[in-house]
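Taken in order, these protein sequences are the chains called A and B. Residues in the first sequence are numbered consecutively from 108, following the working numbering. Residues in the second sequence are numbered consecutively from 313, following the working numbering.
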Amino acid sequence: MMDKKNKAAFKPKNPKMTLLRLFSYYRYYKGLFIFGILSIILASLGEVAANGMLSPIIDVFVSGGNINDALRFILIMAGFVLLIALGQYMGNRTMARLAQKIIHKIREEMFAHMEKLPVSYFDTHSHGELMSTFTNDVDMLNQSLEQAVSQILVSIVTVIGTFIMMIIISPILTLVVAIMLILMFVIIKYIGSKSANYFRNQQLRLADMNGYIEEMMSGQKVVKVFNYEERAIEDFRGRNDELRKSSSKASTFGVMLMPIMGNLTFILYSVIAMLGSFLVIKNTLSVGNIAAFLQFTRTISRPITMVSNQLNTLFAALAGAERIFSILDEEVEKDEGDVSLVIDCNGKGNHCWKVPKADGNFENIPIKGYVTFKDVDFGYVAEKQVLKNINLYAKPGQKIAFVGSTGAGKTTITNLINRFYEINDGAILYDGVDIRRINKFDLRSTMSIVLQDVHLFEGTVADNIRYGRLDASDEEVEEAAKLANADYFIKHLPQGYDTMLTVDGQNLSQGERQLLSIARAAIADPEILILDEATSSVDTRTEKLISEGMDKLMEGRTTFVIAHRMSTVRDSNAIMVLEQGEIIERGNHDELMAQKGRYYSLNAGTIELD
Amino acid sequence: MKKLLPLMKKYLAYAILSPIFMILEVLGDIIVPYLMSKIVDIGIANQDIDYIIKVGLLMIGAALVAMILGVSSSFFGASAGYGFAAEVRQKVFEKIQGFSFANLDTFQVSSLITRLTNDCNTIGQVTMMSLRMAIRAPFMMIFALFMSFTINKSLARVFLISLPLLAIAIAAILSKARPLFFKLQSRVDRVNGVIQENLTNIRVVKSFNRQDFEEKKFKERNDGLMNVALKAISYIIFLMPIFNIIVYSTIIAVLWFGGKQIILGTMTGGELISFITYITQVLMSLIMISMYFMSLLRGSASVSRIVEVLDTESEIKEKINPITGIKDGTISFDNVSFIYPGSSECTLKNINFNIESGETLGIIGSTGSSKSTLVQLIPRLYDVKDGSVKVGGVDVKDYDIEFLRDKVAFVLQKNTLFSGTIRTNMKWGNEKATDEEIIEALKHAQAWEFVSAYDDGLDHIVEQSGDNYSGGQKQRLTIARALMKSPKVIILDDSTSAVDMTTDAKIQKAFKVDLPDVTTIIIAQRISSIQHADRIIVMHEGKIESMGSHYELMENSPIYMEIYESQQKGVIGE
C-alpha cells in the first residue's frame with residue numbers, strides 16, 4: 108500500500124483539470140481574490156520601479172549634478188518602497204487568508220462527503236489512505252495555496268516588469284541577461300528531471316524502511332522471544348544503508364540547485380559589470396545604469412530560483428489535490444425512499460410508516476417489527492455472490508439467531524437489514540413495506556446495532572450513551588446504563604458519568620466498552636435490534652453482566668443476532684444455520700439437534716467459529 | 313545533542329569539509345561586488361579596457377570557483393546529514409533490540425515508530441541545515457559587514473541602526489507567532505481526531521443517523537483551526553514588508569549620504585554600487601539566521617526523544633560466564649514475587665510450585681489475574697522481585713539469555729507473523745531448518761493440513777502481520793514457529809483461542825504423544841483447552857488459588873467450578 112501510494116504521490120495525472128478545479132474555489136471570494144492579485148502586482152511593479160530609480164540617483168551624484176534632483180528622485184524611490192510594503196502586506200495577507208478559507212472549505216466538503224459515502228466505500232479503501240489524504244494532502248495543498256500562488260504571480264510580474272525596464276535602459280545588456288536566464292532554465296530543468304528520479308527512488312526506499320520499522324516494532328516482543336535481535340539488526344543495516352545512499356543522491360541534486368543558481372547570478376553580475384563598463388566607455392550607458400542593472404540581475408533570478416525550488420512541492424500538492432477531488436467525486440449513498448416515519452401516529456406512543464399511495468393519499472402503517480426476506484441475493488461485487496436465495500420471516504419480538512462458520516455470510520445478512528448494502532435481487536420487507544422504499548434516515552432510526560468491535564467516541568461516558576438518542580435526559584441515560592448492567596462500573600469511574608473517554612474509549616476494558624455499547628443501543632429504544640456477539644475473551648463476571656444486559660435489551664424487540672454464546676442460541680425463536688451464503692438448516696435448538704446435521708456438529712465444537 | 317555527536321565520526325570528514333567549502337564560497341560571493349567596484353572606479357575612469365577584461369574575468373572566475381565550492385559543500389553536507397541520520401537510526405534500532413519487555417512496555421509501539429522514522433529524518437535535515445545555513449548566514453553577514461566598513465566606515469554605520477531594527481522586528485513577530493503555531497498544532501490534532509474517529513466508527517455513525525451531529529462537531533473544530541491559522545498569519549504576514557522597508561530605507565540612506573560623499577570626492581560610484589549589494593547580503597543573512605533558529609527548535613524536540621531511547625537501559629543483565637547447558641524441562645517457582653516497574657502493588661505474590669520435565673501444566677483465571685505475567689518470568693522476559701525461578705534446576709538468572717530463550721519457547725498472546733513466506737517465518741525458530749523439520753513442526757501444530765493445500769506450500773506468501781491468514785491459522789503457525797526451536801519447555805499464552813476445539817484437542821494430543829519430553833504450559837480461557845493437563849493452576853488476583861488436576865479442582869476450587877459452570881452453558885460446545 109505504501110509503495111503504491113508513493114509512486115502516485117508525485118505525479119498528478121491531469122494537472123490542468125485539477126488546477127482549474129482548485130482555482131474554481133476562488134470564485135466564492137472573487138472580490139478578495141482580485142484585490143489580492145492587484146496588490147501583489149502593485150508590489151512587484153513597485154520593486155522593479157524602486158530598483159530602476161537607482162539609475163538616475165547615482166547618475167546625479169556621479170556626474171556632479173544638482174543635489175535637489177537627487178533628493179527628488181530619492182523621494183520618488185521612497186514612494187515606490189512604500190508601495191512595495193503596502194502591496195506586499197495587503198497582497199500576501201489576502202492570499203494567505205484566502206488559502207485558509209479555501210482549505211477550510213475543502214476540509215468541510217471532504218468531511219461532509221465522507222459522512223455520506225456508502226459503507227462499501229470504507230470496505231474498499233483503507234483508513235490509513237483516507238487519513239493521509241485528509242491530513243498530508245490537505246496540508247500540502249494548504250502550503251502551496253498559501254505560498255506558491257503568490258510567488259508564481261510575483262515571479263511573472265517581476266520578470267516581465269524587469270525586462271521592460273532593462274530594455275528601456277540597454278537592449279544589448281538585456282540580451283545578455285536573457286541568454287543567461289535561458290541557461291539557468293536549462294540547468295534547472297536538467298537538475299529537476301535528474302532529481303525527480305532520485306527523489307522517487309528515495310521515497311520508495313523510505314516507504315520500504317517505514318514498513319519494515321512498523322512491522323518490527325509491532326512484533327518486537329516476538330523478536331525477543333525468538334532471539335532474533337542480531338538478524339534484525341543485520342537486516343535493518345542493509346535497508347538503512349540503501350536509504351542513506353538514495354537519500355544522499357536525491358538531496359544532492361536538490362541542494363545543488365541553490366549554490367548553482369546563486370553563483371550563476373554572480374556570473375551574470377560579473378558579465379554585466381564588464382560589458383556595462385565597455386558601454387560606459389563608449390558613452391552609450393551611464394554608471395547609474397550599471398547600478399540598476401546589477402540590482403536587476405538579483406531581483407530577476409531570485410523569483411526564478413524560488414519557484415523552481417517549489418516546483419516539486421507544487422506537483423506533490425497537485426497530486427494530493429487530485430486524491431482529494433477523487434474522494435469528493437465518489438458517489439454518495441443513494442436514498443430514494445418515499446416512505447417516512449411518523450412519530451406517535453395514533454396518540455398512544457406508537458410510530459407509523461407513512462406510505463404514499465398511487466392516488467396521492469397516504470396510508471399509515473403501524474410499526475410492529477415484522478421483517479421478511481424474500482429470495483434475497485447479494486454480493487459485494489457483482490461477480491461474487493455472497494448470499495443466495497435467503498428467505499426468512501421474523502415476527503415482532505422474535506429472536507432470530509444466525510450461526511455458521513467464518514465467511515458464511517452472517518454479518519452480511521444483518522448489514523442488509525439497515526441498508527448498509529443494497530441487495531441485488533429479491534426484497535426485504537419491514538412491516539410489509541419494501542425497505543428500499545423507506546427513507547434511510549427513518550429506517551435506521553428504528554434500529555439499533557451492537558457491533559462485535561465496540562467503537563466509542565471521545566467525550567464523557569454520558570455523551571457516549573446519549574449517542575443513541577441525543578435529547579435523552581440524564582435520568583434516561585442512567586436508566587439505559589442500568590438496563591445494560593453498565594451502571595455499576597460507571598459509578599466506580601473517577602468522575603462517574605462525566606468521566607472523559609480517550610479516543611475510542613481506550614481507557615476502558617473490553618468488557619466495559621461492550622456494556623457501554625449495549626447502553627447506547629438501549630437508549631435509542633429501537634423496534635429492531637441487530638447484535639453481533641463478541642467472541643473476545645472477557646472474564647467470567649463481566650461476561651455474565653454482558654449476557655444479562657443483552658437479554659434485557661432484547662426483550663420485546665425483533666432481534667437479529669450473530670450468536671456465539673450457547674444461551675443466546677438456545678433462547679432464540681429460530682436459528683438459521685448458514686453455509687456459503689445459504690441457509691442450510693433452520694429451526695429451534697431442539698429441532699436442529701435432533702437433525703444431527705451442521706448445527707449438531709457446530710455444537711460438538713468441530714467447526715471453527717470466527 | 314552532545315550524546316549524538318560521536319555518531320558523526322564516520323562522516324566527520326564530510327562534516328568538516330562542508331562548512332570549510334561553504335566559507336570559501338561565501339568569500340567568493342563577497343569578493344565579486346568588490347571587484348565590480350574596481351572595474352567601475354578604475355576601469356571606467358581610466359578608460360582601461362584591458363583592466364576591465366582582466367578584472368571581469370577574475371570576477372567570473374571567482375564566481376565559478378565559488379559555484380564549485382558551493383556544490384561540493386552541498387554534496388558533503390547532504391552526505392554528512394543523511395549519513396548521520398542513518399547512524400542515529402541504526403543506533404536507535406540496535407538499542408531497541410536490546411530492550412527488555414519492561415522497556416517495551418514503557419515506550420509504546422507507535423512512539424518507537426515515530427522515533428525511528430520522523431525523528432531520525434528530522435535530525436538528518438537539521439544537520440544538513442546546520443552545516444549549510446548556520447555557517448553560511450553568519451559568515452556572509454560578517455564578511456559583508458567587514459567589506460562595508462572597509463569601503464566606507466562612516467557610511468557603514470547605517471548598519472548600526474538597520475541591523476538591530478530588523479532583529480527586533482523579527483523577534484517581535486516570531487515571539488507573537490510562535491505560541492500560535494503550537495496552538496495551531498493542537499487544533500490540527502483536534503480536527504484529525506474527529507476524522508480518525510469517524511473513519512473507524514462509520515458504521516456506528518450511520519446506524520444511529522449521526523451524520524449531521526458529526527458534521528456539526530467537525531465544523532466547530534474546523535472553524536477553530538481556521539481562526540488560529542488566520543491569527544498566526546496576521547503576524548507572520550508582517551515579516552516581508554518590514555524586511556523590504558528596512559532594506560530599502562538602508563539603501564536610500566546609503567544613496568543619500570554616499571552620494572553626498574561622492575560629490576565631496578571621499579567616495580566613488582563603484583564603491584557606492586557595491587555597498588548596495590552588501591546591504592542586501594547583510595540583511596538577508598539575518599532573516600536566514602532567524603529561520604535557522606526556528607528549524608532548530610523542531611530538531612531539538614526530536615533529539616531529546618531520540619536521546620530518551622538511547623539513555624534507556626535494559627534492567628535484565630546477563631551474568632559473567634553464563635550457563636549454556638540445560639538438564640531437562642523441570643520448572644520451579646520458589647517464593648516468587650513480581651512488580652511491574654512504575655507500579656506500586658505487587659502483581660504476583662508468593663508463588664510456589666514445581667513441574668516435572670515433560671509435564672503439561674494448565675493455567676486458568678480471570679483477566680487481570682496475572683497468568684501471563686507468571687509465565688513470562690520463565691524465559692526471563694521480566695526479572696522477579698523476590699524469590700527465584702528455576703528451569704532445569706538452575707536459576708534463570710544464571711543462564712545465557714539467548715540460550716535460555718531458545719530452550720524455553722514462548723508463544724505470545726499478542727502474536728504476529730512477519731511479511732515473507734511461511735518458510736521464512738518458520739526459520740525464525742531455526743535459521744538452518746530443513747523443509748522436513750518445518751513440515752514436522754507444522755504437523756504438530758495442526759497447520760500442515762492447510763499449508764499443504766496451497767499450490768506453493770511453504771512458499772505461500774505471508775503479508776504484513778500475517779493478515780492473509782485467519783485467526784486460527786495464524787495461531788497454529790505461531791505455535792509451529794515456536795516448535796522449530798526444539799525447546800525443552802513450550803509456553804502457549806492463550807494461543808489457541810481462535811482454534812476450534814477439535815483442532816485444539818489434536819494439538820494437545822500431538823504435544824503429548826510426539827513431544828513427551830517437552831514441558832508444556834498452556835494458558836487458556838476455555839476449560840476444554842486445559843482440562844486434560846496433568847495439573848492446573850487457578851490464578852486469582854496475583855496468587856495461586858489452587859492447583860491440581862481437573863477432577864481435584866472440581867472438588868475443591870470454587871473459582872474453577874464457577875468458570876466451569878459458566879462455560880457449560882455459555883459457549884457453543886461441550
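Backbone N, C-alpha and C define an ideal beta-carbon position, used for all residues, glycine too.
With residue i and residue j assumed to form a contact (beta carbons below 8 Å), what rounded beta-carbon distance in angstroms separates them?
{"i": "residue 644 of chain B", "j": "residue 702 of chain B", "result": "5 Å"}
{"i": "residue 485 of chain A", "j": "residue 519 of chain A", "result": "6 Å"}
{"i": "residue 559 of chain A", "j": "residue 655 of chain A", "result": "About 18 Å separates the two Cβ atoms, so there is no contact after all."}
{"i": "residue 146 of chain A", "j": "residue 198 of chain A", "result": "3 Å"}
{"i": "residue 444 of chain A", "j": "residue 525 of chain A", "result": "About 13 Å; that fails the 8 Å criterion."}
{"i": "residue 399 of chain A", "j": "residue 121 of chain A", "result": "So it is not a contact: roughly 43 Å between Cβ atoms."}
{"i": "residue 569 of chain A", "j": "residue 581 of chain A", "result": "7 Å"}
Would you call residue i buried or exposed, if buried means 16 or more other Cβ atoms sit within 10 Å of its Cβ?
{"i": "residue 459 of chain B", "result": "buried"}
{"i": "residue 110 of chain A", "result": "Confidence at residue 110 of chain A is low in this model, with a pLDDT of 39, below 50, so its placement is unreliable and the value that follows should be read with caution. Looking at its Cβ environment, which holds fewer than 16 other Cβ atoms inside 10 Å, residue 110 of chain A is exposed."}
{"i": "residue 135 of chain A", "result": "exposed"}
{"i": "residue 532 of chain B", "result": "exposed"}
{"i": "residue 429 of chain A", "result": "buried"}
{"i": "residue 207 of chain A", "result": "buried"}
{"i": "residue 264 of chain B", "result": "Since the displayed chain B opens at 313 and closes at 886, residue 264 of chain B lies outside it and no answer follows."}
{"i": "residue 326 of chain B", "result": "buried"}
{"i": "residue 882 of chain B", "result": "For residue 882 of chain B, the predicted model reports a pLDDT of 43, less than 50, meaning its position is unreliable; a value from the coordinates is still stated below. It is buried - the Cβ of residue 882 of chain B has at least 16 other Cβ atoms within 10 Å."}
{"i": "residue 537 of chain A", "result": "buried"}
{"i": "residue 605 of chain B", "result": "exposed"}
DSSP beta-bridge partners for residue i?
{"i": "residue 859 of chain B", "result": "B:849"}
{"i": "residue 268 of chain B", "result": "This structure leaves residue 268 of chain B out entirely; chain B is present only between 313 and 886."}
{"i": "residue 666 of chain A", "result": "A:506, A:636"}
{"i": "residue 483 of chain A", "result": "A:497"}
{"i": "residue 608 of chain A", "result": "A:566"}
{"i": "residue 320 of chain B", "result": "Bridge partners of residue 320 of chain B: none, in fact."}
{"i": "residue 689 of chain A", "result": "A:686"}
{"i": "residue 123 of chain A", "result": "For residue 123 of chain A, which the question treats as bridged, DSSP gives no partner whatsoever."}
Are residue i and residue j closer than 9 Å when you measure CB to CB?
{"i": "residue 638 of chain A", "j": "residue 669 of chain A", "result": "yes"}
{"i": "residue 378 of chain B", "j": "residue 336 of chain B", "result": "yes"}
{"i": "residue 595 of chain B", "j": "residue 544 of chain B", "result": "no"}
{"i": "residue 508 of chain A", "j": "residue 683 of chain A", "result": "yes"}
{"i": "residue 834 of chain B", "j": "residue 685 of chain B", "result": "no"}
{"i": "residue 832 of chain B", "j": "residue 668 of chain B", "result": "no"}
{"i": "residue 212 of chain A", "j": "residue 132 of chain A", "result": "yes"}
{"i": "residue 698 of chain B", "j": "residue 647 of chain B", "result": "yes"}
{"i": "residue 558 of chain B", "j": "residue 478 of chain B", "result": "yes"}
Hey, quick one: how far does the beta strand (DSSP E) through residue i stretch, first residue to last?
{"i": "residue 721 of chain B", "result": "720-723"}
{"i": "residue 630 of chain B", "result": "Counting along the chain, residue 630 of chain B falls outside any beta strand (DSSP E), and DSSP gives it neither H nor E."}
{"i": "residue 460 of chain A", "result": "459-463"}
{"i": "residue 473 of chain A", "result": "469-473"}
How is the alpha helix (DSSP H) around residue i delimited, first residue to last?
{"i": "residue 168 of chain A", "result": "161-169"}
{"i": "residue 534 of chain A", "result": "First-last for residue 534 of chain A: 532-537, but that is the beta strand (DSSP E), not the alpha helix (DSSP H)."}
{"i": "residue 218 of chain A", "result": "174-223"}
{"i": "residue 581 of chain A", "result": "581-590"}
{"i": "residue 386 of chain B", "result": "361-409"}
{"i": "residue 272 of chain B", "result": "There is simply no residue 272 of chain B to check, as chain B begins at 313 and stops at 886 in what is shown."}
{"i": "residue 842 of chain B", "result": "Taken as a continuous stretch (DSSP letters only), residue 842 of chain B belongs to no alpha helix (DSSP H), as it is neither H nor E."}
{"i": "residue 615 of chain A", "result": "Run containing residue 615 of chain A: none; DSSP gives neither H nor E here."}
{"i": "residue 528 of chain B", "result": "523-548"}
Could you check if residue i belongs to the surroundings of the ligand ATP, using beta carbon to heavy atom distance under 8 Å?
{"i": "residue 536 of chain B", "result": "The ligand ATP is not part of this structure, which contains no ligands at all."}
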